[in-house]
Every structure is written in C-alpha cells, then in structure tokens.
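Remarks on the structure that follows.
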Amino acid sequence: MDRLTAMVKWEYVTVPLLVHATKQILDQWGEDGWELVQVVPGPNETNLVAYLKRPRD
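Here the sequence shown stands for residues 38 to 94, where the numbers follow our numbering.
See below:
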C-alpha cells in the first residue's frame, strides 16, 4: 500500500472547558467522534482548553 494512500487526514478543534462540567463536555464531543489530544490552561486560572481531533472524511 502506498504510504500517502494510508495517511490519515485529521481535523482539529479547541474547546473551552468549564471546570464544573469537564466530563460532560468531553463526553459530548467524544460522542461526536472527537478524540482528546491535550488539555492546557486557558486565558485565566479557572479555565481550561481542550484540543481534540478526529479523522476527516
């Protein structure tokens, strides 16, 4: 199989996370086929930002 043919193409999204609803937010995005890549601090101490990816059609 050609290496370029087998290469997966991805789409990405960044999602603000609310500390009190992190699991619910990530579960919803996971239901839509998104995979969590990383969580990083947001613009202030109480916010987080999730980076997610999924295969592009």
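The beta carbon of each residue, even a glycine, is placed where N, CA and C say it ideally should be.
So, for residue i: in the same chain, excluding its five sequence neighbours on each side, which residues have a beta-carbon less than 8 Å away from its beta-carbon?
i	result
E68	none
V76	L54, L85, V86, A87 and Y88
Using 9 Å as the limit for Cβ to Cβ distance, is residue i near chain D?
i	result
A43	No chain D is present in this structure, which holds just one protein chain.
Once you ignore the five residues that flank residue i on each side, which residues in its own chain have a CB closer than 7 Å to its CB?
i	result
R93	K46, W47 and E48
W66	V52 and L89
Return the Cβ separation of residue i and residue j in integer angstroms, given the expectation that the two are a contact with Cβ distance under 8 Å.
i	j	result
V74	L89	6 Å
Within 10 Å of its beta-carbon, does residue i have 16 or more other beta-carbons around it, so buried, or fewer, so exposed?
i	result
A58	exposed
A43	exposed
Is it the case that the Cβ atoms of residue i and residue j are separated by a distance below 9 Å?
i	j	result
V86	V52	yes
Tell me which residues share the same chain as residue i and place their Cβ nearer than 6 Å to its Cβ, disregarding the 5 neighbours each side in the sequence.
i	result
G79	L85 and V86
Hey, which unbroken runs of the beta strand (DSSP E) at 3 residues or more fall wholly within the segment 51 to 80?
-> If only complete runs of 3 or more residues are kept, the segment 51 to 80 shows the beta strand (DSSP E) at 72 to 78, in order along the chain.
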